[in-house]
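Below is one structure, written out as structure tokens, with a few remarks after it.
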DNA sequence: GTGATTTCTTTACCTATGTAAATGCATTTG
DNA sequence: CAAATGCATTTACATAGGTAAAGAAATCAC
């Protein structure tokens, strides 16, 4: 629970009483490599804090083409945030790429705390703002940069990930095929 | 101010006292077609509520290529949200595509209200969550759909906009050139 | 270790979309 | 009205990146 507390306090200071209520909502759990935390079509109920491991969030379209929208590496929150917020079905899947340990909580339980703990609602506001900022940053990369530059940014942003997950997942994150990623890698190596 | 009040109350109910404080922060202003509300490189200070008119938000990369990330049509909030939240310079520009009337407020003034008015902080949380959801929705369109489908969605989402702004702005929103948009239009017309 | 599976790279070919330039139409401006 | 400007379309050509298939390497299972 310690890393969770640290994470929250970095968002915004949490009083001891608020933390007690919050902590009570989370319970440890583990995911095996390949397990899904959320699935498109189902409405999310839980949010979780990733203590260790790697999770990918991805879309799959009607032709079964997948797009890895994000890799979660600990410590951070995972879960179908858009689904939790809107109470509509997930459009994304989240799958463990390695064995993971997580802390899960019912999102509704957290929402109830907003009434009695304004400091928690504040942390939630700041978290939502951060999520937005991260998405905007990623949007800029996707629409304004070519695949070569996106690959360079990926390498800087997730330094170790390239050794930990298959290359086709990285290609999917970059919005290209493994074929094209291989071409880019060859081009960059011969320089 | 009425549409602003309606907008806030739809996010989450605002007490009369909170509304009085909030209303006092906003003052009417107008933008001429072509005027910029925010500019990349500058740190945003104000947020605004668009009462009438059309605004485009766009990125411009180092090669002067532009990408229209969003069209704001009233009534909604405009402003460099990521910049306001992070207090770092804007990465985007926002420019009036028609004459606009807006209500502007110092964002710092709103943030100060969070202390005394939890109902306003709640509205801010919900707004941030909505911003995130909208961005995720748009991300799905960009990465998973081809330009033809994105054009169809654009037409549904902004039914009148096609008659109100030049086609090259729409092409830029779709992530293609006017040339390609023209090809798509011809293809769709001949069917 | 040996075979089986998974992952990565390479090749050949194809397609969507970009670039640049020409044209035509519509709208504004003196 | 005439010229100028802005915008949409078209054409010819170029290119980034996709698809499919095959081979090479690495990893896993027994």
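Chains as they are written, first to last, in the numbering used here: chain F, 1147 to 1337; chain X, 1147 to 1337. All C-beta atoms in this analysis are idealised placements derived from N, C-alpha and C, irrespective of residue type, glycine included. Here the structure is a predicted model, which means the values were calculated and not measured.
Cα-Cα, which of the options is closest to residue i?
i: residue 1194 of chain X; options: X:1243, X:1319, X:1275, X:1224; result: X:1224
i: residue 1207 of chain X; options: F:1286, F:1328, F:1327, F:1324; result: F:1286
i: residue 1327 of chain X; options: X:1293, X:1214, X:1304; result: X:1293
i: residue 1321 of chain X; options: X:1306, X:1312, X:1238, X:1289; result: X:1289
i: residue 1240 of chain X; options: X:1271, X:1262, X:1283, X:1192; result: X:1192
i: residue 1249 of chain F; options: F:1221, F:1332, F:1297, F:1323; result: F:1221
i: residue 1257 of chain X; options: X:1245, X:1271, X:1244; result: X:1271
i: residue 1281 of chain X; options: F:1160, F:1228, F:1187, F:1205; result: F:1228
i: residue 1188 of chain X; options: X:1181, X:1198, X:1237; result: X:1237
i: residue 1170 of chain X; options: X:1259, X:1273, X:1312, X:1335; result: X:1259
i: residue 1159 of chain X; options: X:1313, X:1267, X:1300; result: X:1267
i: residue 1233 of chain X; options: F:1275, F:1219, F:1201, F:1307; result: F:1275
i: residue 1163 of chain F; options: F:1265, F:1308, F:1309, F:1311; result: F:1265
i: residue 1291 of chain F; options: X:1205, X:1198, X:1176, X:1314; result: X:1205
i: residue 1319 of chain F; options: F:1296, F:1335, F:1161; result: F:1296
i: residue 1246 of chain X; options: X:1332, X:1201, X:1173; result: X:1201
i: residue 1298 of chain X; options: X:1333, X:1325, X:1312, X:1310; result: X:1333
i: residue 1178 of chain X; options: X:1190, X:1168, X:1199; result: X:1199
i: residue 1310 of chain X; options: X:1335, X:1253, X:1244, X:1331; result: X:1244
i: residue 1218 of chain X; options: X:1335, X:1167, X:1316; result: X:1316
i: residue 1213 of chain F; options: F:1197, F:1324, F:1183, F:1174; result: F:1324
i: residue 1303 of chain F; options: F:1149, F:1216, F:1168; result: F:1216
i: residue 1167 of chain F; options: F:1183, F:1252, F:1181; result: F:1252
Based on the DSSP secondary-structure assignment, which residues constitute the bridge partners of residue i?
i: residue 1192 of chain X; result: X:1252
i: residue 1257 of chain F; result: For residue 1257 of chain F, which the question treats as bridged, DSSP gives no partner whatsoever.
Can you tell me where the alpha helix (DSSP H) holding residue i begins and where it ends?
i: residue 1155 of chain F; result: 1148-1157
i: residue 1164 of chain F; result: 1162-1169
Using a beta-carbon distance below 8 Å, is residue i in contact with chain F?
i: residue 1337 of chain X; result: Because the pLDDT at residue 1337 of chain X is just 44, under 50, the model does not fix this residue reliably, and the value given afterwards should be weighed accordingly. Not an interface residue.
i: residue 1271 of chain X; result: yes
i: residue 1268 of chain X; result: yes
i: residue 1277 of chain X; result: yes
i: residue 1321 of chain X; result: yes
i: residue 1264 of chain X; result: yes
i: residue 1290 of chain X; result: yes
i: residue 1232 of chain X; result: yes
i: residue 1237 of chain X; result: yes
i: residue 1174 of chain X; result: no
i: residue 1259 of chain X; result: no
At least one CB of chain X closer than 8 Å to the CB of residue i: is that the case?
i: residue 1207 of chain F; result: yes
i: residue 1281 of chain F; result: yes
i: residue 1285 of chain F; result: yes
i: residue 1215 of chain F; result: yes
i: residue 1228 of chain F; result: yes
i: residue 1274 of chain F; result: yes
i: residue 1327 of chain F; result: no
i: residue 1252 of chain F; result: no
Where do the N-terminal and C-terminal ends of the beta strand (DSSP E) with residue i fall, by residue?
i: residue 1183 of chain X; result: 1182-1184
i: residue 1243 of chain F; result: No beta strand (DSSP E) holds residue 1243 of chain F; DSSP gives it neither H nor E.
Query raised in the report: Which full runs of the alpha helix (DSSP H) of 4+ residues lie inside the segment 1260-1331 of chain X, going along the chain?
Result: 1264-1290, 1293-1303, 1307-1310, 1313-1320
Query raised in the report: Which parts of the segment 1203-1237 of chain X are runs of the alpha helix (DSSP H), unbroken and 4 residues or longer, counting only runs that do not cross its ends?
Result: 1227-1232
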